[in-house]
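Novice:
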Amino acid sequence: MQTVASFLGVDLGASSGRVMAGHWDGRRFQLEELHRFPNGGVCIGDRTYWDVLSIWGQMQQGFSRFGAIHRRCPVSLGVDAWGIDFGLLDEGGRLISNPVHYRDRRTEGVPERLFEIIAEKALFFETGVQSWRFNTLFQLYSMVLAGDAELQFAKTLLTIPDLFSYFLCGATTVEYTEATTTQMFSPHASDWARQVLRKAGISEKILPEVSQPSARLGDARPAVLKECGFSQNVPVIAVASHDTASAVAAIPNMDGDSAFISSGTWSLMGTEIPSSNTSDEARHLGFTNEGSATGGFLLLKNLAGLWIIQECLRCWEKAGRDYGWSEVIEAATASPAFYSLLDPSDRAFECPVDMPAAVQQYCRETAQPTPRGVGEFARALFEGLALSYRMVLISLETLTGRSLSTIRIVGGGSRNALLSQMAADACNRVVVAGPAEATVLGNVMMQAIATGHIGDLRQGRIAVAESCECQTYEPRHSAAWDEAFARFERMIHRHQAD
18 MQTVASFLGV DLGASSGRVM AGHWDGRRFQ LEELHRFPNG GVCIGDRTYW DVLSIWGQMQ
78 QGFSRFGAIH RRCPVSLGVD AWGIDFGLLD EGGRLISNPV HYRDRRTEGV PERLFEIIAE
138 KALFFETGVQ SWRFNTLFQL YSMVLAGDAE LQFAKTLLTI PDLFSYFLCG ATTVEYTEAT
198 TTQMFSPHAS DWARQVLRKA GISEKILPEV SQPSARLGDA RPAVLKECGF SQNVPVIAVA
258 SHDTASAVAA IPNMDGDSAF ISSGTWSLMG TEIPSSNTSD EARHLGFTNE GSATGGFLLL
318 KNLAGLWIIQ ECLRCWEKAG RDYGWSEVIE AATASPAFYS LLDPSDRAFE CPVDMPAAVQ
378 QYCRETAQPT PRGVGEFARA LFEGLALSYR MVLISLETLT GRSLSTIRIV GGGSRNALLS
438 QMAADACNRV VVAGPAEATV LGNVMMQAIA TGHIGDLRQG RIAVAESCEC QTYEPRHSAA
498 WDEAFARFER MIHRHQAD
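For the sequence shown, the working numbering begins at 18 and goes up steadily by one.
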């Protein structure tokens with residue numbers, strides 16, 4: 018292909034990060050991986066942090082590699098990452114400390130403390146976000162309760178991708194899709210939920226202006242250009258900076274008849290809606306509203322995704338047994354169907370020290386056989402995920418009044434053919450899997466829109482469709498899945514009641 022423009026996208030996940038180049042030829046993108054690096058929490062004492070300075074160094078390595086290979090400058094840069102976590106800057110614009118990891122235990126019991134001041138129902142109506150203990154709101158409120166000195170010195174709060182955009186160009190802003198994950202943004206006011214902040218004792222002054230997807234934030238700092246070998250100004254773009262929003266932005270043929278699943282460590286399942294749904298029914302069903310690349314919302318539900326099997330693999334690796342993904346899927350395929358079922362979102366799997374032991378204990382508590390080999394563990398999770406998708410789909414159709422005929426799976430989990438077929442069978446819907454690299458495609462696509470290389474999101478999705486191949490899975494509906502679903506629902510209700 019003959020490259021018209023190249024965009025550099027940084028995609029940061031909870032377990033790894035990468036710097037990718039998106040080469041645009043006027044019709045399609047070709048992705049080039051420049052640098053991939055591990056990411057994860059760093060434990061010091063009783064705290065778990067993100068090592069953002071190490072991530073920053075890794076990002077610059079990726080940028081430098083682009084310059085070394087191509088001997089030219091990219092058209093622009095953009096960063097997407099997970100939501101919720103944040104860094105605090107002082108009066109001089111200096112990072113006060115490493116951001117705390119969302120799985121840190123400092124927020125245990127904190128939501129209940131805040132509900133004494135603000136009713137959970139009222140909080141959902143105001144923000145449209147479910148009250149998970151790791152939300153930005155509860156992280157900050159835990160600091161208020163502890164009298165944390167960092168809040169005294171903080172002038173600016175930046176979410177993770179916005180923090181790296183600040184490192185790149187000096188802009189202090191929180192991008193819209195990220196802001197909506199904090200549980201501190203009001204979709205009704207299109208602004209920070211200032212009454213919530215006042216009641217919680219959180220200073221409004223630390224929250225900067227909210228920027229829109231595809232906004233140009235400024236040019237990269239001269240020191241960044243020099244370090245990375247770029248000879249001219251490179252603009253930094255606020256893409257749809259929340260990784261889910263970037264992934265959904267890049268889904269080909271996404272329409273009102275489609276549900277999406279962003280499949281990875283987390284599974285986020287939902288659909289696009291023009292305005293938020295902050296009804297009590299949505300709250301009761303466990304849905305949340307996150308900003309979309311269009312400026313609208315994604316009505317979605319968070320599921321634990323592949324986290325459980327990833328943690329099992331980590332534990333087994335520490336014990337001296339290293340499994341590859343192909344081996345895991347092959348073993349799961351050969352294991353008996355519906356032997357044991359897991360509810361991936363059960364609190365038992367939130368953050369155990371020994372995930373395999375937690376899975377076996379869950380099965381004992383729910384009167385199921387305990388899995389033994391890697392195949393039985395993986396199959397239990399995959400089937401539990403597929404059945405969870407069916408539960409979410411039913412609720413989505415209830416909330417939207419739509420018939421959602423197609424499920425579109427993107428992200429790394431879309432490569433898992435076994436899970437994709439299970440999703441089609443369990444939900445009795447056509448499943449279209451891919452692109453696996455949806456998040457970084459959405460990132461570079463939004464840069465292309467911002468720089469005028471693509472007209473709008475609709476044209477961008479057409480370009481993505483030209484750039485990748487997707488796999489279609491037809492449902493093979495069977496009574497066995499209906500029986501498993503009925504058993505799954507009973508199991509969840511009994512376990513929650515215990």
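We treat Cβ as the ideally placed atom computed from N, Cα and C, and that holds for glycine.
Just so you know, these numbers come straight off a predicted model, no measurement behind them.
Ends of the alpha helix (DSSP H) at N460?
Specialist: In the sequence shown, counting from the first residue as 1, residue 460 sits at position 443. Unbroken alpha helix (DSSP H) run through N460: A455 to A467.
Novice: Compute the beta-carbon to beta-carbon distance between A276 and T288, rounded to the nearest angstrom, for a pair I have assumed lies under 8 angstroms.
Specialist: Walking along the sequence shown from the start, residue 276 turns up at place 259. Walking along the sequence shown from the start, residue 288 turns up at place 271. With a Cβ gap of about 5 angstroms, A276 and T288 count as contacting.
Novice: Could you have a look at S431 and say whether DSSP puts it in helix, strand or coil?
Specialist: Position 414 of the sequence shown holds residue 431. DSSP places S431 in helix when its eight states are reduced to three.
Novice: Taking contact to mean 3 or more Cβ pairs, one atom from each stretch, closer than 8 angstroms, check whether the segment 447–454 and the segment 301–315 are in contact.
Specialist: No, the segment 447–454 is not in contact with the segment 301–315.
Novice: On the criterion of 16 or more Cβ atoms from any shown chain inside 10 Å, does T190 qualify as buried, or is it exposed?
Specialist: Counted from its first residue, the sequence shown places residue 190 at position 173. Result: buried.
Novice: Would a check of beta-carbon distances place P386 closer than 8 angstroms to chain B?
Specialist: Of the chains in the structure shown, none is chain B; there is only one protein chain.
Novice: Are the CB atoms of L185 and V240 within a distance shorter than 8 angstroms?
Specialist: To locate residue 240, count along the sequence shown from 1; it is residue 223. To locate residue 185, count along the sequence shown from 1; it is residue 168. Inspection of the sequence shows that residue 240 is occupied by Ala rather than by Val. Going by C-beta atoms, A240 is not nearer than 8 angstroms to L185.
Novice: Here's the rule I'm using: 16 or more other beta-carbon atoms within 10 Å means buried, otherwise exposed. How should V59 be labelled?
Specialist: Residue 59 sits at position 42 when you count from the first residue of the sequence shown. By the 10 Å Cβ count, V59 comes out exposed.
Novice: Since F399 and C329 are thought to touch, with beta carbons under 8 angstroms apart, how far apart are those beta carbons, to the nearest angstrom?
Specialist: By 1-based counting over the sequence shown, the position of residue 399 is 382. By 1-based counting over the sequence shown, the position of residue 329 is 312. No, F399 and C329 are not in contact; Cβ-Cβ is about 13 angstroms, not under 8 angstroms.
Novice: Please classify P386: is it buried, with 16 or more other beta-carbons within 10 angstroms of its beta-carbon, or exposed?
Specialist: Position 369 of the sequence shown, counting from 1, holds the residue named residue 386. With fewer than 16 other Cβ atoms within 10 Å, it is exposed.
Novice: In this structure, how does DSSP classify Y119 when only helix, strand and coil are distinguished?
Specialist: Looking up residue 119 in the sequence shown gives position 102. The answer is coil: DSSP assigns Y119 none of H, G, I, E or B.
Novice: Is the separation between the beta-carbon of L175 and that of G104 shorter than 8 angstroms?
Specialist: Against the sequence shown, residue 175 aligns to sequence position 158. Against the sequence shown, residue 104 aligns to sequence position 87. Yes, the Cβ-Cβ distance between L175 and G104 is below 8 angstroms.
Novice: Could you tell me which residues DSSP puts in a beta bridge with S284?
Specialist: For the purposes of this step, residue 284 is taken as residue 267 along the sequence shown, with counting starting at 1. Its beta-bridge partners are S280 and L320.
Novice: On the three-pair Cβ rule with 8 angstroms, is the segment 315–334 touching the segment 162–169?
Specialist: Touching, no, given that fewer than three Cβ pairs across the two stretches are closer than 8 angstroms.
Novice: M439 bridges to which residues according to DSSP?
Specialist: The residue you call residue 439 lines up with position 422 of the sequence shown. M439 is not bridged to any residue.
Novice: Quick check: the Cα distance between F54 and G26, rounded to an integer number of angstroms?
Specialist: Locating residue 54 in the sequence shown gives position 37, counting from the first residue. Locating residue 26 in the sequence shown gives position 9, counting from the first residue. Distance between the alpha carbons of F54 and G26 is about 14 angstroms.
Novice: Strictly by DSSP, which residues pair up with Y490?
Specialist: Here residue 490 refers to the residue found at position 473 of the sequence shown. According to DSSP, which records beta bridges pairwise, Y490 is partnered with V448.
Novice: What residue does the alpha helix (DSSP H) around Y379 start on, and which one ends it?
Specialist: Here residue 379 corresponds to residue number 362 of the sequence shown, with the count starting at 1. Segment M372 to E382, the alpha helix (DSSP H) holding Y379.
Novice: Grouping DSSP H, G and I as helix and E and B as strand, with all else coil, what is V69?
Specialist: By one-based count along the sequence shown, residue 69 stands at place 52. Three-state result, V69: helix.
Novice: For the candidate residues M372, H40 and W99, whose alpha-carbon lies nearest to that of V481?
Specialist: In the sequence shown, residue 481 corresponds to position 464, counting from 1. For V481, the nearest C-alpha among the options comes from H40.
Novice: Taking the beta carbon of I388 as the centre, do at least 16 other beta carbons fall within 10 Å, making it buried, or is it exposed?
Specialist: Along the sequence shown, one-based indexing puts residue 388 at 371. Per the sequence presented here, residue 388 reads as Pro, with Ile not at that position. Buried: at least 16 other Cβ atoms inside 10 Å.
Novice: Measuring CB to CB, does A365 end up less than 8 angstroms from A349?
Specialist: Indexing the sequence shown from 1 puts residue 365 at position 348. Indexing the sequence shown from 1 puts residue 349 at position 332. No, the Cβ-Cβ distance between A365 and A349 is not below 8 angstroms.
Novice: Taking the beta strand (DSSP E) that T173 belongs to, which residues open and close that run?
Specialist: Within the sequence shown, the letter at position 156 stands for residue 173. Start and end: T173 to T176.
Novice: Is the number of C-beta pairs between the segment 334–352 and the segment 222–229 that are closer than 8 angstroms three or more?
Specialist: The segment 334–352 is not in contact with the segment 222–229.
Novice: May I have the straight-line CA-CA distance separating R89 from S248, to the nearest angstrom?
Specialist: Numbered from 1 along the sequence shown, position 72 holds the residue referred to as residue 89. Numbered from 1 along the sequence shown, position 231 holds the residue referred to as residue 248. One C-alpha to the other measures close to 8 angstroms.
Novice: Using the beta-carbon count (16 or more within 10 Å), is H510 buried or exposed?
Specialist: Along the sequence shown, read from residue 1 onward, the residue named residue 510 stands at position 493. Exposed, because fewer than 16 other Cβ atoms sit within 10 Å of the Cβ of H510.
Novice: Within the same chain, show all residues whose beta-carbon is closer than 6 angstroms to that of A443, passing over the 5 residues directly before and after it, in chain order.
Specialist: In the sequence shown, residue 443 corresponds to position 426, counting from 1. The answer, listed in chain order, is A403, L404, R407 and W498.
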